[in-house]
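Asker:
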Amino acid sequence: MAALKELSTALRTLEEKENPIDETAQREEFARKITPALEQFENALATGDLEQIEAAYNTFNTKWNQNERPVRDLSTAMYGEIETQMAFIRMSIASETADITTIQEQYATLKQKIEDFIAGKETAQAVEGDYSLETLVQYIDEAIKHIGEKNYADAAASIQQFIIIWPQVEQEVSTRNGSLYTKIESDMPMLASSLMKSNVDAEHITQNLKQFKTEIELLKADTNYSFWDSAMILLREGLEALLIIVALAAFLKKSGQQAMEKWIYFGALLGVVCSIVAAVLMSTVLNSATVDSNREVLEGYIGLAAAAMMIGVGVWLHNKTSVGSWNRYISNQMNQAISTGSVVSMAAVSFLSVFREGAETIVFYIGILPKMEMSQFWLGIAMALAILAATAVVLMKMSGKIPVHKFFIVATIFIYLLAFKIIGGSMHTLQLQGRLDTTVVDGLPVLSTVGFYPTFETIIGQAVLILLILATIIYKRFIKHNAVMVRKPK
1 MAALKELSTA LRTLEEKENP IDETAQREEF ARKITPALEQ FENALATGDL EQIEAAYNTF
61 NTKWNQNERP VRDLSTAMYG EIETQMAFIR MSIASETADI TTIQEQYATL KQKIEDFIAG
121 KETAQAVEGD YSLETLVQYI DEAIKHIGEK NYADAAASIQ QFIIIWPQVE QEVSTRNGSL
181 YTKIESDMPM LASSLMKSNV DAEHITQNLK QFKTEIELLK ADTNYSFWDS AMILLREGLE
241 ALLIIVALAA FLKKSGQQAM EKWIYFGALL GVVCSIVAAV LMSTVLNSAT VDSNREVLEG
301 YIGLAAAAMM IGVGVWLHNK TSVGSWNRYI SNQMNQAIST GSVVSMAAVS FLSVFREGAE
361 TIVFYIGILP KMEMSQFWLG IAMALAILAA TAVVLMKMSG KIPVHKFFIV ATIFIYLLAF
421 KIIGGSMHTL QLQGRLDTTV VDGLPVLSTV GFYPTFETII GQAVLILLIL ATIIYKRFIK
481 HNAVMVRKPK
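Under full-length UniProt numbering, residues 1 to 490 are what the sequence shown spells out, in order.
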């Protein structure tokens, strides 16, 4: 969220620098566009007919929404007071006992604020305090608490406070979820007005407030990845590559082909170099392709692609959790190379093994890097490299005699957990960008740390992952059972 604010501010500063603002011209243009609707609203108020007043207000509100930007850009304080006054008028019109005199007084205040802005007078006082989306949630919680206690007047007061500070934080909502912004602007005053009626539908109002609370929490909750996530990716991919290289070298020793061992290490080194080059190229392409407004959309899709690859890797690992499966895999790889007697074939086996892991690592990191602090990223890389270096020494001394299947079991668990997190975070990003529907599931918490968001769409995506995991486990047990039955004497 902070990065979004900084980007928005930077873009506005750049625009103002390249196209200097003529404030007087902007105020005059705003006056020309808003005055007819304002006068129409005033004429409707003079009739005393509530239906005409409501229709004229709606026309004015539409015109305001179309032309409010100069006010927001030139005076945040004036913009806030105009927005707040409009919300109060909306509440009064919707009141069970609408008082025309009260609406006329509120209109007079609104008109004066608009005229002051047009004249360049700064008559509004800025709302003091450091407000955020969390502040909005706090006022909603207060209102829900008061409704539960049947203290409807205090509940309405809490919503009014929400409305007062809303202009200070509305841009955080409008830039990330335009439909939610529109709903809050139109519905919150109506909810406050409903609390002032003689027959309060407490359940309906509470349900609406809870819906708004969850949707706001979805905005402020962002999937962030830590050094641990960064380290786990490199550790998982690096350890697998190390295991393959050490196992290949051990296989050569057992088969009396020690002279070809150096080509295993040469191929591995070449795989590392090519992985680094691929990472640089991929980073350059993505940076050039995502500088526009579609950056977060692309990041969301890349995250889902990374999760899909992780699922594939997880299934592959799951199938290698038995010693027999692992040994067959290594034997097949090496027998093909030894049968040709070519050093190129030997180097190619280790190169492809390492480069495959490197390519997967690049895609995985691209999927999480936009949601991660660079300090956390590099800390995770450093930690993983240190562990990999120590592990390499141990593996060489043990000549590959380690419980490989246990490593694959642990690695499989971690890769599935990370895939779960990335699926949730990536789908949440696409929802915020309007590329996926958002259907909130009531009563469930937002757990951004593990990538869980209470929406029907994200839950379905993560449920598919869980079903795939269960299907993989069942399939492996089925294959193992059949193998045992075949070996049994008849």
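Glycine included, every Cβ here is placed at the ideal spot set by N, Cα and C.
Keep in mind that this is a model prediction, so the values were computed, not measured.
Is DSSP giving Ile473 helix, strand or coil here?
Answerer: helix
Asker: For Thr123, which three-state DSSP category applies?
Answerer: coil
Asker: Which class does Ala289 belong to by DSSP, given the choice of helix, strand or coil?
Answerer: At Ala289, the pLDDT of 48 sits below 50, so the modelled position is not reliable; the number obtained from the coordinates is stated separately. Here Ala289 sits in helix by DSSP.
Asker: When we look at the beta-carbon of Thr458 and count the other beta-carbons within 10 Å, is it buried (16 or more) or exposed?
Answerer: buried
Asker: List in chain order: all unbroken beta strand (DSSP E) runs of 3+ residues lying wholly within the segment 145-192.
Answerer: none
Asker: How would you label Pro189, buried or exposed, when you count the other beta carbons within 10 angstroms and need 16 or more for buried?
Answerer: buried
Asker: Is Leu304 helix, strand or coil by DSSP?
Answerer: helix
Asker: How is the alpha helix (DSSP H) around Lys220 delimited, first residue to last?
Answerer: Ala202 to Lys220
Asker: Got a sec? Which residues, its chain only, sit under 6 Å from Thr123 by beta carbon, not counting five neighbours each side?
Answerer: Asp116
Asker: Thinking just about the alpha-carbon of each residue, which of Glu39, Met383 and Leu191 is nearest to the one in Ile144?
Answerer: Leu191
Asker: Could you tell me if Gln106 is buried or exposed, where buried requires 16 or more neighbouring beta carbons within 10 angstroms of its beta carbon?
Answerer: With a 10 Å radius around the Cβ and a threshold of 16 neighbouring Cβ atoms, Gln106 comes out buried.
Asker: If we call anything under 9 Å between Cβ atoms a contact, is Ala359 one with Leu242?
Answerer: no
Asker: Tell me the rounded alpha-carbon separation between Ala289 and Leu395.
Answerer: Note that Ala289 scores 48 on pLDDT, short of 50, meaning its location in the model is unreliable; the coordinates nonetheless yield the value given after this. Rounded to whole angstroms, Ala289 to Leu395 spans 42 Å at the Cα level.
Asker: How is the alpha helix (DSSP H) around Thr24 delimited, first residue to last?
Answerer: Glu23 to Thr47
Asker: Less than 9 Å between the C-beta atoms of Gly424 and Ala347, yes or no?
Answerer: Against a cut-off of 9 Å, the Cβ pair of Ala347 and Gly424 comes out as no contact.
Asker: Using the Cβ count rule (16 or more neighbours within 10 Å means buried), how would you classify Leu467?
Answerer: Burial check for Leu467: the Cβ neighbour count within 10 Å stays below 16, so the residue is exposed.
Asker: Just the C-alpha distance for Gln462 and Asp49, rounded to the nearest angstrom, thanks.
Answerer: 54 Å
Asker: Distance, Cα to Cα, Asp201 vs Leu45?
Answerer: 29 Å
Asker: So, at 7 Å on beta carbons, what are the nonlocal neighbours of Phe212 in its own chain, with the 5 sequence-adjacent residues on each side left out?
Answerer: Ile140 and Ile184
Asker: Should Ile368 go down as buried or exposed, given a rule of 16 or more other Cβ atoms within 10 Å for buried?
Answerer: It counts as buried.
Asker: My output table needs one value for Leu447: the three-state DSSP class, helix, strand or coil.
Answerer: strand
Asker: What did DSSP end up calling Thr455 once you bin it into helix, strand or coil?
Answerer: Of the three classes helix, strand and coil, the one that applies to Thr455 here is strand, per DSSP.
Asker: Where does the unbroken alpha helix (DSSP H) through Ala94 begin, and where does it stop?
Answerer: Thr76 to Ala94
Asker: By DSSP's criteria, Val440 is part of a beta bridge. Which residues make up the other side?
Answerer: Thr455
Asker: Do Val446 and Thr214 have their CB atoms nearer than 9 Å?
Answerer: yes
Asker: Tell me the residue span of the alpha helix (DSSP H) that contains Gln52.
Answerer: Leu50 to Asn67
Asker: For a quick check, are the C-beta atoms of Arg91 and Met196 less than 9 Å apart?
Answerer: According to the sequence shown, residue 91 is Met rather than Arg. Yes, these two residues count as a Cβ contact at 9 Å.
Asker: Using only alpha-carbon positions, find the residue among Val71, Thr59, Glu142 and Thr35 that is nearest to Gln26.
Answerer: Ranking Val71, Thr59, Glu142 and Thr35 by Cα distance to Gln26 puts Val71 first.
Asker: Find out if the Cβ-Cβ distance for the pair Leu218, Val354 is shorter than 9 Å.
Answerer: Taking 9 Å as the Cβ cut-off, Leu218 and Val354 do not qualify as a contacting pair.
Asker: When the Cα atoms are used, what is the spatial distance from Glu203 to Ala94?
Answerer: 19 Å
Asker: Using a Cβ-Cβ cutoff of less than 7 Å, which residues in the same chain neighbour Phe456 once the five nearest sequence positions on both sides are dropped?
Answerer: Only Thr439 and Val441 meet the Cβ criterion.
Asker: Measure the C-alpha to C-alpha separation of Ala37 and Glu96 and round it to an integer number of angstroms.
Answerer: 26 Å
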